[in-house]
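Residue numbers (the working numbering): 160 to 469. C-beta: ideal position from N, C-alpha, C; glycine also.
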Ligand code: NAI
């Protein structure tokens, strides 16, 4: 099993490499960096090898500045691009990063036609559509980190409010990885119990919690420069689910066909079944308020995506 990371000298790419190396059946990790980053790539690789030795990890890691070395990859993860600066909207980045992602996606299709693409670069929903278009791959082979991490942030805030173990909480945020994200209270359970059936549900400060989820990334960027461990481990969870053929349902950015309620024809955060064949959105019934909010999020992302792709 081979995973390539494009953008491996970046903060998210480096930590994703470490986190992915802990997945037992990942044999080969290929790090790609641009010409000029040879010394940095060499250092990252040596440091990883030391970490493998310390933890008894059997993975092999290699680095290269030649994209042809991604040949034979099962998944290519793209974290390359310009990172969001403090107070910068994710959408300001779109034009700049779309050029980088379009070019890389064509090269992935050229050198690793069988591989899937996992998009991390922001704005991730739009970049997932760019990768889908320019790679020419099938929709189930191209997906983005999407609202998985947002869902995890909500999960941990709910667990802490109700003072339960985080594994007892199941929840999802769908839509844009950004302002218009939509929490699905209708799909939120604690210990298998629908959250709205809990007597204390009325005490949950929903607006406050969603404010925290929405600003979490920006706050981390403002204080330590970048979000790293959250996204890196979220990436590794998704890769493990995919290559381990686990059939888990996680909330990723994936292409949704145009369906009812004018929702679709764009890549956006939705619950999706993930296995070795790829990523397959799962249709679910939502509350009317959730449908409305999701429609707005889809329209926003579809409008921006169309501007970028035209
Ligand atoms: P970084 O600045 O540390 O790393 C960016 C990497 O991209 C560097 O290795 C750089 O050399 C490379 N790069 C830049 N232009 C390139 C090009 N034309 N071709 C190839 N490589 C190129 O940024 P960081 O913090 O690692 O973030 C990476 C991306 O991931 C950003 O777009 C960031 O917004 C996004 N991100 C997305 C998250 C999500 O939930 N979807 C979470 C965290 C980060």
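As the crow flies, the alpha-carbon of residue 255 is around 11 Å from that of residue 239.
Placement of the Cβ of residue 254 at a distance of 7 Å or more from every heavy atom of ligand 1 is found. Rounded to the nearest whole angstrom, the C-alpha separation of residue 253 and residue 175 is 22 Å. At least one heavy atom of ligand 1 is found less than 7 Å from the C-beta of residue 280. In this structure the stretch 425 to 438 lies against the stretch 268 to 284, because at least three pairs of beta carbons, one per stretch, are closer than 8 Å.
DSSP assignment within the stretch 275 to 300 yields the following whole alpha helix (DSSP H) runs of 4 residues or more, N-terminal first: 283 to 294. Relative to ligand 1, the beta carbon of residue 409 is positioned no closer than 7 Å to any heavy atom. For residue 300 and residue 276, the gap between their C-alpha atoms comes out near 6 Å.
Between residue 167 and residue 190, the C-beta spacing is below 8 Å. Ligand 1 has a heavy atom closer than 7 Å to the beta-carbon of residue 304.
Classified as exposed, residue 198 has fewer than 16 neighbouring CB atoms from the shown chains inside 10 Å of its CB.
Secondary structure at residue 161: strand, using DSSP grouped into helix, strand and coil.
A Cβ-Cβ distance of about 10 Å is found for the pair residue 293 and residue 258, leaving them out of contact under the 8 Å criterion. If you check the CB distance, residue 317 and residue 279 do not come in under 8 Å. Residue 184 sits exposed, since fewer than 16 C-beta atoms from the chains shown fall within 10 Å of its C-beta.
In the DSSP secondary-structure assignment, residue 412 is bridged to 303 and 428. DSSP places residue 434 in the strand class (E or B) of the three-state scheme.
In the DSSP assignment, residue 190 is bridged to 164 and 222. Under the three-state reduction of DSSP, residue 376 is assigned to helix.
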